[in-house]
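Before any comments, here is the structure.
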Amino acid sequence: MPFDGLRVISFESRRATEMAELIRRNGGDPFVAPSMREAPLESNEEAFAFAERLFRGDFDLIILLTGVGTRALANVIDARYGAGRFAQALGQITIAARGPKPLAVLREMAIQPALVAPEPNTWREIVDIVKPRPERRIAVQEYGRPPKELLDALRAFPAQVTTVRVYQWDLPLDTARLREAAHRIARGEADVALFTTSIQISHLLKIAAEEGVEDDVKRGLASMIIASVGPTTTESLEEHGIKPDFEPTHPKMGFLVKETGDHAAAILARKRGVGSGEIG
37 MPFDGLRVIS
47 FESRRATEMA
57 ELIRRNGGDP
67 FVAPSMREAP
77 LESNEEAFAF
87 AERLFRGDFD
97 LIILLTGVGT
107 RALANVIDAR
117 YGAGRFAQAL
127 GQITIAARGP
137 KPLAVLREMA
147 IQPALVAPEP
157 NTWREIVDIV
167 KPRPERRIAV
177 QEYGRPPKEL
187 LDALRAFPAQ
197 VTTVRVYQWD
207 LPLDTARLRE
217 AAHRIARGEA
227 DVALFTTSIQ
237 ISHLLKIAAE
247 EGVEDDVKRG
257 LASMIIASVG
267 PTTTESLEEH
277 GIKPDFEPTH
287 PKMGFLVKET
297 GDHAAAILAR
307 KRGVGSGEIG
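37 is the number of the first residue of the sequence shown in the working numbering; add one for each residue after it.
Structure follows, in structure tokens:
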């Protein structure tokens with residue numbers, strides 16, 4: 037069986053139960069430590085100011101980065117201006133979606149975007165599909181942390197770029213499991229770490245620092261398999277000095293778990309310098 041009993045830590049939040057079952061089904065011993073929650077901003081004034089500009093026709097193109105953010109923006113705007121108002125305004129401009137999640141939300145609103153970024157759905161694919169377009173007054177729906185690389189690339193076109201966000205990533209209200217995960221890694225009591233979004237590593241290291249074990253966690257991670265769901269998450273890990281050992285063929289949770297399990301023995305043998313039969 038792929039993981040063959042390896043101790044697998046995941047930081048998945050929204051799909052924590054599903055993640056634990058996937059790990060178990062692939063032979064791993066799961067410990068899922070939710071690391072984040074989507075918290076509405078205290079004020080939606082930024083979204084309302086954006087809506088007024090959208091209605092005035094100040095934008096030629098909007099880039100929608102996440103399904104959650106797209107739905108939240110629609111809900112905020114429709115709550116003040118009337119049901120369907122956001123969809124109506126989107127119908128007047130070019131829409132670019134960063135992949136299947138915002139695309140699914142747009143389809144719920146009976147909207148077909150002109151542009152959809154292909155896998156692996158990073159900022160680079162967005163730039164590639166937008167660059168040939170004539171539109172240069174661009175709005176970008178943010179997704180928790182500002183997508184600096186994307187914004188810099190758009191402004192270099194040059195383009196006039198406006199960002200709007202309606203939620204941000206916060207730590208979970210209960211951080212007990214995340215703290216336990218940090219200590220397990222610090223003590224060397226884990227073999228695999230699965231990262232499915234960029235913010236997870238920031239929150240893990242923040243909690244580790246609060247617990248006084250940040251350096252131990254980094255050392256622990258260096259001897260574990262670090263699996264990243266895709267390039268965007270990989271970039272975030274590397275920004276923290278952590279080099280992932282594995283990315284799946286598709287940036288999806290199921291592929292991440294199964295394919296990491298398939299390669300786990302070989303990766304650990306290489307990293308820990310032991311024969312695959314001695315791992316465990």
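Just so it is clear, CB atoms sit at the ideal spot from N, CA and C, and this is done for glycine as well.
Query raised in the report: Per DSSP, E171 forms a beta bridge with which residues?
Result: Working through the sequence shown from its first residue, we reach residue 171 at position 135. E171 pairs with nothing; no bridge assigned.
Query raised in the report: Which residue from L209, T211 and G290 puts its Cα closest to that of F231?
Result: Reading the sequence shown from its first residue, position 195 is the one you call residue 231. For the residues L209, T211 and G290, the minimum Cα distance to F231 belongs to G290.
Query raised in the report: Buried or exposed: E48, going by 16 or more other Cβ atoms within 10 Å of its Cβ?
Result: For the purposes of this step, residue 48 is taken as residue 12 along the sequence shown, with counting starting at 1. Classification for E48: buried.
Query - E155 versus H286: straight-line alpha-carbon distance, rounded - result: Counting from 1 along the sequence shown, the entry for residue 155 is found at position 119. Counting from 1 along the sequence shown, the entry for residue 286 is found at position 250. Cα to Cα, the separation comes out at about 8 Å.
Query raised in the report: In angstroms, rounded to a whole number, what distance separates the CA positions of L190 and E171?
Result: Start at 1 with the first residue of the sequence shown, and residue 190 comes out as number 154. Start at 1 with the first residue of the sequence shown, and residue 171 comes out as number 135. If you take the alpha carbons of L190 and E171, they lie about 11 Å apart.
Requested in this report: Consult DSSP for L151 and reduce its assignment to one of helix, strand or coil.
Outcome: Taking the sequence shown and counting its residues from 1, the one referred to as residue 151 is at position 115. Note: L151 maps to strand in three-state DSSP.
Requested in this report: Examine the Cβ distances between the region 219 to 228 and the region 253 to 273 and report whether three or more of them are shorter than 8 Å.
Outcome: yes
Query raised in the report: Helix, strand or coil for A218 per DSSP?
Result: Walking along the sequence shown from the start, residue 218 turns up at place 182. It is helical.
Query - Delimiting residues of the beta strand (DSSP E) encompassing T211 - result: On the sequence shown, residue 211 is found 175 positions in, with the first residue counted as 1. Premise fails: T211 is in no beta strand (DSSP E) and is neither H nor E.
Query raised in the report: Can E150 and I129 be called in contact, C-beta distance under 7 Å?
Result: Translated into positions along the sequence shown, residue 150 becomes position 114. Translated into positions along the sequence shown, residue 129 becomes position 93. Residue 150 is actually Ala in this sequence, not Glu. No; because the gap between Cβ atoms is not below 7 Å, this pair is not in contact.
Query - Sub-7 Å separation of L101 and Y203 beta-carbons - result: Position 65 of the sequence shown, counted from the start, is the residue given in the question as residue 101. Position 167 of the sequence shown, counted from the start, is the residue given in the question as residue 203. No, the pair does not count as a contact, with Cβ atoms beyond the cut-off.
Query raised in the report: Is the region 103 to 111 touching the region 238 to 252, taking contact as three or more C-beta pairs under 8 Å?
Result: no
Report task. Reducing DSSP to helix, strand and coil, say where D188 ends up. Result -> Position 152 of the sequence shown holds residue 188. Helix.
Requested in this report: Label L58 either buried or exposed according to how many other C-beta atoms from any shown protein chain fall within 10 Å of its C-beta, with 16 as the threshold for buried.
Outcome: Within the sequence shown, numbered from 1, the residue matching residue 58 stands at position 22. Burial call: buried.
Requested in this report: Decide if the region 111 to 127 is in contact with the region 74 to 90; the criterion is three or more beta carbon pairs, one per stretch, under 8 Å apart.
Outcome: yes
Query raised in the report: From which residue to which residue does the alpha helix (DSSP H) around E74 run?
Result: Working through the sequence shown from its first residue, we reach residue 74 at position 38. Run containing E74: none in the alpha helix (DSSP H); it sits in the beta strand (DSSP E), R73 to P76.
**Report entry** Whole-angstrom distance between H299 and V44, CA atom to CA atom
**Finding:** Counting from one through the sequence shown, the residue named residue 44 turns up at place 8. Counting from one through the sequence shown, the residue named residue 299 turns up at place 263. So the alpha carbons of these two residues sit roughly 14 Å apart.
Report task. Report buried or exposed for E314, applying the criterion of at least 16 other Cβ atoms within 10 angstroms of its Cβ. Result -> Sequence index remark: in the sequence shown, residue 314 carries index 278 (1-based). Per-residue confidence for E314 stands at a pLDDT of 40, beneath the threshold of 50, marking its modelled position as unreliable; the derived number appears in the next sentence. Classification of E314: exposed, given that the 10 Å Cβ count is below 16.
Query raised in the report: Where in the region 226 to 269 do unbroken runs of the beta strand (DSSP E), each at least 3 residues long, occur, reported from the N-terminal end onward?
Result: 228 to 231 and 261 to 264
Query raised in the report: DSSP on Q124, reduced to helix/strand/coil?
Result: Here residue 124 refers to the residue found at position 88 of the sequence shown. Correct three-state label for Q124: helix.
**Report entry** The beta strand (DSSP E) enclosing V68, as first and last residue numbers
**Finding:** Here residue 68 refers to the residue found at position 32 when the sequence shown is read from its first residue. First-last of the beta strand (DSSP E) with V68: D65 to V68.
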